[in-house]
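Peer 1: In numbering that gives the first Met the number 0, the protein residues as written are 0 to 271.
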Amino acid sequence: MDLFVLAGKAYHSRLLVGTGRYRDMEQTKAVVEASGAEIVTVAIRRLNPAFIAGSGIGSNQTPPSGGDNKQSLQDIIDPSDYTYLPNSAGCYTAEEAVRTLRLAREMGNWTLVKLEVIGDKQTLYPDVGETLKAAEILIKEGFKVMAYTTDDLIVAKKLEKLGCAAVMPLASPIGSGLGILNPLNIRLIAENLSIPVLVDAGIGTASDACMAMELGCAGVLLNSALADAQDPVLMASAMKAAVIAGRQAYMAGRMAKRQTAVASSPQMAMIE
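The structure is reproduced here in structure tokens:
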């Protein structure tokens, strides 16, 4: 079976989804289930810890109309059924990111983490220097780091050399929905690293996710493409199918591109 192996654990799904910005807890659950994802991300810095593990609602989550606002994320997404991937979204220095992910370890004993250190508030592009610095500290402390970074092969190799569990180059700016702007860069990273490469940020629709998989990526992580869709649950289902189709196409090997036409029917004999 074509399993997705990450930090020593095997998964069936190669789609990872975020848990923020949905209408309510019911929609969050429905989206995660429709996506088929087995790994869900949680922004530790942007959420009230009570939203994740106790009573209370997160700062970027609205309770259902007339519903129970004391429901936690773990009430609807059981940690025994899903792998939680805490991330350091909203951090602008290595120090902030390390402190945030240490908190995640204390909250849920989570050591598989997504490292995200932002360098610019407008573009939300990663700060490569601070990312490398934070990754080195976290890996030495026993964390299994999935590092969000630019689509730069040299940086990706440095993160791999440090011991990251996965590298996650952006397709385009976070939340932009612009899709994969530099497919060649993504392909080069996927072809030259021995650890999983997952496209993160910028995916807007199913064809973007499919392209990422066809380029050789091990998986796709997304949130805005679902939360901002007119029908998040239906889009989650589409993303699930797209990731599967893209992976199958990559494994099958596409036909070679040709400069001239070639008849699809064999020329055994011609009718005169």
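C-beta atoms are modelled at their ideal positions from N, C-alpha and C, and glycine is treated no differently.
For K113, list the residues DSSP reports as bridge partners.
Peer 2: N86, M145
Peer 1: Can you look up V4 in the DSSP assignment and give me helix, strand or coil?
Peer 2: V4 falls in the strand class under three-state DSSP.
Peer 1: Which one of T204, L225, V198, S223 has the shortest CA to CA distance from C216?
Peer 2: V198
Peer 1: Output the distance between the C-alpha atoms of S79 and E129, rounded to the nearest integer angstrom.
Peer 2: 33 Å
Peer 1: Check the DSSP bridge columns for I38 and list the partner residues they point to.
Peer 2: DSSP lists L15, T82 as partners of I38.
Peer 1: Between the Cα of L220 and those of Y147, A29, R257, spot the shortest distance and give me the residue it belongs to.
Peer 2: Here the closest residue by C-alpha is Y147.
Peer 1: If you draw a straight line from the C-alpha of P103 to the C-alpha of I43, how long is it?
Peer 2: Per the sequence presented here, residue 103 reads as Ala, with Pro not at that position. So the alpha carbons of these two residues sit roughly 7 Å apart.
Peer 1: Under 8 Å Cβ to Cβ from I138, same chain only, skipping five residues before and after it: list those, please.
Peer 2: In its chain, beyond the 5 residues on either side, V144, L161, G162, C163 have a beta carbon closer than 8 Å to the beta carbon of I138.
Peer 1: Where does the unbroken beta strand (DSSP E) through A134 begin, and where does it stop?
Peer 2: Element bounds for A134: not the beta strand (DSSP E) but the alpha helix (DSSP H), 127 to 139.
Peer 1: Going by beta carbon distance, what residues of the same chain come within less than 8 Å of S206, once the five residues before and after it are set aside?
Peer 2: G178, A241
Peer 1: What is the DSSP secondary structure of M238, counted as helix, strand or coil?
Peer 2: helix
Peer 1: Grouping DSSP H, G and I as helix and E and B as strand, with all else coil, what is M316?
Peer 2: Residue 316 lies beyond the stretch modelled for the chain, which goes from 0 to 271, so this question has no answer here.
Peer 1: Can you check DSSP and say which residues form a bridge with D199?
Peer 2: D199 is bridged to L169, L220.
Peer 1: Smallest Cα separation from T27: which of M234, R186, A251?
Peer 2: The candidate whose alpha carbon is nearest that of T27 is M234.
Peer 1: According to DSSP, A9 sits in a beta bridge with which residue or residues?
Peer 2: V4
Peer 1: Can you look up Y207 in the DSSP assignment and give me helix, strand or coil?
Peer 2: Checking the sequence, you will find Asp at residue 207 rather than Tyr. Helix at D207.
Peer 1: Quick check: what's the CA-CA separation for P172 versus D151?
Peer 2: 14 Å
Peer 1: From V30 to P231, what distance separates their C-alpha atoms?
Peer 2: 6 Å
Peer 1: Using the beta-carbon count (16 or more within 10 Å), is M254 buried or exposed?
Peer 2: exposed
Peer 1: If you follow the alpha helix (DSSP H) that D74 is part of, which residue opens it and which one closes it?
Peer 2: Its alpha helix (DSSP H) spans residues 72 to 75.
Peer 1: Contact between the stretch 88 to 95 and the stretch 109 to 119 is defined here as three or more beta-carbon pairs at a separation below 8 Å; is this criterion met?
Peer 2: Output reads yes: the stretch 109 to 119 touches the stretch 88 to 95.
Peer 1: When burial is assigned at 16 or more other CB atoms within 10 Å of the CB, is A260 buried or exposed?
Peer 2: exposed
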